[in-house]
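Asker: For reference, each letter of the sequence shown is one residue, going 30 to 169 in our numbering. Got a structure for you, written out below as structure tokens; questions coming shortly.
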Amino acid sequence: MNFDTARAFLIRQAACAPLNGSGLQDHQMLLSRIRRGLPPLPGQMTSILLALKVVFEGLRGQTHLDRLLVMALHTLATEPSLQLQQRYPAQTWPPLLDDDLAQVTRAVESIFADSWHSGLTTWQTPVQASAQAPASVEVS
């Protein structure tokens, strides 16, 4: 997967862009599935995490991020967990979904911080992260 493919994939998974020509149907997108009370498709979370790593590598050292990608990243990091908690609190979900969603959130934070953190044991506190954060990142 290259940067452009990963970027487009994440934008579609977050339902931030039309699906025209992507070969994917709306009912296959992560956010669409969770909004309807359905779990992710097999391998979907793994593909999202891979795409996030590819995007991280492609943006390493960049000081400008495009708005559509930022919106997709923010949506993927926040909306699925909110949907699970608010709309379907009593529903039984796949056992690792919470862990997968936490990894997505950490990966998105890593992209914004320009510093990859792969696990909870190496994750920095907000105070540590702010001390190492880049001076500024512009969204265009």
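All C-beta atoms, glycine included, are put in the ideal place defined by N, C-alpha and C. Remember, predicted model here, so these are calculated numbers, not experimental data.
Can you tell me the Cβ-Cβ gap for Leu39 and Ala101, rounded? I've got them flagged as a contact below 8 Å.
Answerer: Indeed, because the Cβ distance is near 5 Å, the residues count as touching under 8 Å.
Asker: Quick one: residues in its chain with C-beta nearer than 7 Å to the C-beta of Ala80, no 5 flanking neighbours on either side, listed in chain order?
Answerer: The answer, listed in chain order, is Met30, Ala35, Phe38 and Leu39.
Asker: With a threshold of 7 Å on Cβ separation, who are the neighbours of Ala43 within its own chain once the five nearest residues in sequence on each side are excluded?
Answerer: Same-chain partners within the cutoff: Leu60, Ala101, Thr104 and Leu105.
Asker: Taking the alpha-carbon positions, what's the Ser144 to Val137 distance?
Answerer: Cα to Cα, the separation comes out at about 10 Å.
Asker: Let me confirm a value: Leu132 is counted as buried when at least 16 other C-beta atoms fall within 10 Å, else exposed. Which label applies?
Answerer: In the sequence as presented, Leu is not what sits at residue 132; that position holds Gln. Its Cβ being crowded by 16 or more others within 10 Å, Gln132 is buried.
Asker: For Leu94, which three-state DSSP category applies?
Answerer: Reduced to three states, the DSSP call for Leu94 is strand.
Asker: Please confirm whether Phe32 and Val83 have their CB atoms less than 8 Å apart.
Answerer: Yes, the pair counts as a contact, with Cβ atoms nearer than the cut-off.
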